[in-house]
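Keeping their order, the protein sequence lines are chains R and Z. Count the first sequence with my numbering and you get residues 298 to 453, in order. Count the second sequence with my numbering and you get residues 118 to 538, in order. Structure record follows, encoded as structure tokens.
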Amino acid sequence: MLSEKAKKEIEAAMQKYPNKRSAVMDALRIAQQDGGGHLEKPDMEEIGRMLDMRLVEVNAAAAFYTMYKINKPIGKYHIQVCRNISCSLLGAEHLIKHMEKALNVKTGETTSDKKFTLSTVECLGSCGTAPMMQINDDFHENLTEQKIDELLRKLE
Amino acid sequence: MEKILLKNLDKPDAHKIENYIQYGGYKAFESALKLKPDNIIQMVKDSGLRGRGGAGFSTGLKWSFIPKDPTIAKYLCCNADEGEPGTFKDRGIIDNDPHLLIEGMAIACYAIGASNAYIYIRGEFAFGANRLDAAIKEAYAKGYLGKNIQGSGFNLNMYVHRGFGAYICGEETALLESIEGYRAQPRKKPPFPALAGLYGKPTVINNVETLSCIPAIIEKGPEWFSKIGPEKSPGPKIYCVSGHVKRPGLYELPMGTTARDLIYNHCGGMLTDKPLKAVIPGGVSAPMLTPKDLDTPLDFDSLAAKGSMLGSGAVVVMDESTCMVKTAYIVNRFFSHESCGKCTPCRDGTPWLTNVLRRIEHGEGKPGDVELLESLCTNIFGRTFCPLGDGAVMALRGALKNFREEFQYHIDHKRCMVSGR
Ligand SMILES: Cc1cc2nc3c(=O)[nH]c(=O)nc-3n(C[C@H](O)[C@H](O)[C@H](O)COP(=O)(O)O)c2cc1C
Ligand code: FES
């Protein structure tokens with residue numbers, strides 16, 4: 298269920314638009330954050346009630362965008378390594394393999410202690426400082442194996 | 118050349134409004150408010166500014182299509198979706214100099230008579246979105262947004278709308294659908310957004326870099342702007358250079374700088390002693406250039422004449438160690454991942470291309486696969502609802518045209534011609 302804080306934030310987002318429906322993306326984002334990184338049906342039902350939308354409509358909007366995680370719990374740290382062209386030219390695949398080894402998971406999986414989820418993503422607009430990855434909201438650029446190891450150690 | 122777009126990037130804390138004003142910011146908006154809206158549109162037309170989001174359409178002309186009737190609500194949407202792989206210029210402006218964009222948008226809104234503006238920023242740019250939220254708040258507090266701005270009687274509200282992971286939201290009508298709370302699938306055109314855009318109202322959609330050119334056009338005049346670079350696509354251009362060069366990054370240079378000058382002078386040359394093999398001049402949708410084309414000026418018309426395009430200005434440099442089959446596979450996988458699913462040729466065609474490319478890349482290609490790719494291209498190109506599918510085809514055709522033997526080698530020898538593996 299949505300917290301009071303989340304509801305307040307959604308109500309504030311509704312003020313930006315001439316109709317309620319336009320706030321659905323903000324609402325889903327706020328709910329996802331509120332729910333610890335993923336969305337569940339009761340959250341989406343509540344959003345539907347707030348925005349006068351049916352659950353299928355809320356779900357249709359959410360399912361379209363890759364950053365909404367519906368019923369898909371992720372680790373405390375979501376590591377997303379860019380696999381697109383500029384990062385690939387400078388060794389992204391190598392880093393992805395290194396990461397799989399370091400975390401002992403395959404891409405797409407979460408570590409058993411629920412700490413890390415490893416994913417690949419398409420270009421994140423950081424190609425001049427490739428290779429790069431995102432951990433939760435933060436960008437980490439000009440990566441090397443050594444830099445990755447240090448970063449992971451800090452997140453212990 | 119005097120920088121106008123990246124001028125504040127190395128100044129401390131330009132994102133704070135006091136500093137931005139101290140560096141000369143918001144003067145252009147103040148002078149614009151003393152001009153007639155029509156005069157501003159004329160100035161932008163005279164400057165020759167063409168949209169930096171990809172298509173290169175005249176910005177002044179686009180603004181002039183907006184109906185003048187003051188009783189109709191109008192909107193400005195800034196396209197900050199920045200999804201074309203290789204592109205990172207809009208992020209550079211938003212993260213470091215958000216008020217430049219806000220000032221450009223405020224002038225645009227005044228010119229077209231819009232009192233509400235949205236910045237559509239991709240969700241991954243959380244830092245930038247927070248920066249913009251903070252900057253907008255500052256602009257309200259200083260009276261550059263809100264009611265009766267600087268005593269002019271002009272009102273303007275500005276909001277940030279965050280995307281959440283979908284390249285197609287960069288297509289302008291998909292962007293509008295997304296703001297309205299629907300799945301971001303492109304709309305049929307006509308009607309064009311200038312007549313029926315956001316919430317069915319007249320709407321201008323412009324790229325971040327386009328709008329960030331506006332303050333300088335007002336301050337220094339359209340003449341000044343039109344004298345930079347080639348006559349038909351003037352002005353400064355931010356080139357986003359990535360890949361195998363010594364100094365990748367953002368370079369604000371006169372439009373029409375050649376690929377050679379950009380790579381070998383500005384970027385310090387190739388990363389290692391391996392020579393250049395190919396350059397993608399305008400984001401991955403743009404067909405690649407080979408060393409013989411390096412003297413091509415990187416502007417809209419010169420690149421179109423070479424069968425490529427300037428697109429978003431993302432220059433991806435590849436040296437001889439690059440496998441073109443792998444590159445084509447990575448690029449195509451992106452397009453099929455991002456196909457919005459609205460039309461069949463793109464929804465079904467792009468994953469099909471990806472499958473064939475994957476098997477060729479993995480040494481499992483079958484005789485006839487190159488021809489199969491070509492026929493799939495024919496069945497996608499020009500038959501899709503929006504240009505996403507065309508982009509996938511143009512990229513692949515560019516690779517096949519220049520490096521067909523590499524694809525064939527992968528199929529015949531079940532290994533890579535470049536790495537031998
Ligand atoms: C598939 C697709 C993706 C696009 N992505 C972007 C983008 O990320 N940013 C952008 O400014 N324009 C993008 N465009 C171009 C926009 O549709 C539109 O032409 C542009 O925002 C207009 O602004 P401008 O006139 O200032 O260039 C894209 C177009 C297509 C077909
Ligand atoms: S290709 Fe990796 S950030 Fe752009």
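Cβ atoms here follow ideal geometry from the backbone N, Cα and C, with glycine treated the same way.
Simplified DSSP state of residue i, which is helix, strand or coil
| i | result |
| --- | --- |
| M341/R | helix |
| S148/Z | helix |
| K120/Z | coil |
| H527/Z | helix |
| N348/Z | It is worth fixing the name first, because residue 348/Z is Glu in this sequence and not Asn. Residue state, collapsed to three classes: coil. |
| G287/Z | helix |
| D390/Z | coil |
| Q312/R | coil |
| G515/Z | helix |
| L370/Z | strand |
| S492/Z | helix |
| C457/Z | coil |
| T441/R | coil |
| N213/Z | helix |
| A258/Z | helix |
| Y446/Z | helix |
| M430/R | strand |
| K153/Z | coil |
| P504/Z | helix |
| N472/Z | helix |
| T176/Z | helix |
| I376/R | strand |
| R167/Z | strand |
| M322/R | helix |
| S416/R | strand |
| V535/Z | coil |
| R239/Z | coil |
| G400/Z | coil |
| A190/Z | coil |
| A395/Z | strand |
| P462/Z | helix |
Supposed contact pair residue j and residue i - C-beta distance, whole angstroms, cut 8 Å
| i | j | result |
| --- | --- | --- |
| P371/Z | F502/Z | With a Cβ gap of about 36 Å, P371/Z and F502/Z do not count as contacting. |
| P404/Z | G506/Z | That belief does not hold up - the Cβ atoms of P404/Z and G506/Z are roughly 15 Å apart, past 8 Å. |
| E289/Z | P310/Z | 6 Å |
| N323/Z | D214/Z | Rounded, the Cβ-Cβ distance is 17 Å, inconsistent with contact. |
| C402/R | L415/R | Just to set this straight, residue 402/R is Val in the shown sequence, not Cys. Going by Cβ atoms, the distance from V402/R to L415/R rounds to 5 Å, so yes, they are a contact pair. |
| W180/Z | I229/Z | 5 Å |
| I210/Z | E326/Z | 7 Å |
| N356/R | E337/R | Between E337/R and N356/R the Cβ distance is about 11 Å, and since that is not below 8 Å, they are no contact. |
| G428/Z | Y356/Z | Rounded, the Cβ-Cβ distance is 11 Å, inconsistent with contact. |
| G282/Z | G346/Z | Not really, about 35 Å apart at Cβ, beyond 8 Å. |
Partner residues on chain R for residue i, Cβ-Cβ distance less than 8 Å
| i | result |
| --- | --- |
| H454/Z | E419 |
| P202/Z | N381, I382, S383, E419, C420, C424 |
| R208/Z | G422, S423 |
| Y381/Z | The contacting residues do not exist; Y381/Z stays about 17 Å from chain R at best. |
| F524/Z | The premise fails here: F524/Z is roughly 17 Å from chain R at the closest Cβ pair, so nothing lies under 8 Å. |
| Y316/Z | P315, N316 |
Proximal chain Z residues relative to residue i, where beta-carbon distance stays under 8 Å
| i | result |
| --- | --- |
| V321/R | G298 |
Below-8 Å beta-carbon distance, residue i vs any chain B residue
| i | result |
| --- | --- |
| M435/Z | Any reference to chain B falls outside this structure, whose protein chains are R and Z. |
Contacts of residue i in chain Z (Cβ-Cβ under 9 Å)
| i | result |
| --- | --- |
| R326/R | G240, R279, F281 |
| R318/R | E297, G298, Y299 |
9 Å Cβ cut-off: residues of chain R touching residue i
| i | result |
| --- | --- |
| Y257/Z | Within 9 Å Cβ-Cβ: nothing; Y257/Z doesn't reach chain R, min ~13 Å. |
Closer than 7 Å at the beta carbon, the chain R residues around residue i
| i | result |
| --- | --- |
| F205/Z | G422, S423, C424, G425 |
| Y276/Z | K313 |
TODO: Please list the residues of the stretch 350-369 of chain Z that have a C-beta atom closer than 8 Å to any C-beta atom in chain R, keeping them in chain order.
DONE: C357, V358, S359, G360, H361, P365, G366, L367
Task: Contacting positions in the stretch 383-404 of chain R - beta carbon closer than 7 Å to chain Z - done: S383, S385, L386
TODO: Could you please tell me which residues of the stretch 419-437 of chain R, in chain order, have their CB closer than 7 Å to any CB of chain Z?
DONE: E419, C420, L421, G422, S423, C424, G425, A427, Q431, D434
TODO: Check distances from the C-beta atoms of the stretch 347-370 of chain R to those of chain Z and list, in chain order, the residues that come in under 7 Å.
DONE: A357, A358, F361, Y362, T363, M364, Y365
Task: Contacting positions in the stretch 384-403 of chain Z - beta carbon closer than 9 Å to chain R - done: L388, I397, V401
TODO: Name, going along the chain, the residues of the stretch 180-200 of chain Z whose beta-carbon falls closer than 9 Å to a beta-carbon of chain R.
DONE: A190, E199, G200
TODO: Compile a chain-ordered list of the residues in the stretch 212-242 of chain Z whose CB is closer than 9 Å to at least one CB of chain R.
DONE: N233, Y235, R239, G240, E241, F242
- [ ] Residues of the stretch 303-315 of chain R with a CB closer than 7 Å to any CB of chain Z: list them in chain order, please.
- [x] K313, P315
TODO: Could you run through the stretch 438-454 of chain Z and flag, in chain order, every residue whose CB is less than 8 Å away from some CB of chain R?
DONE: T439, K443, T444, I447, V448, F451, H454
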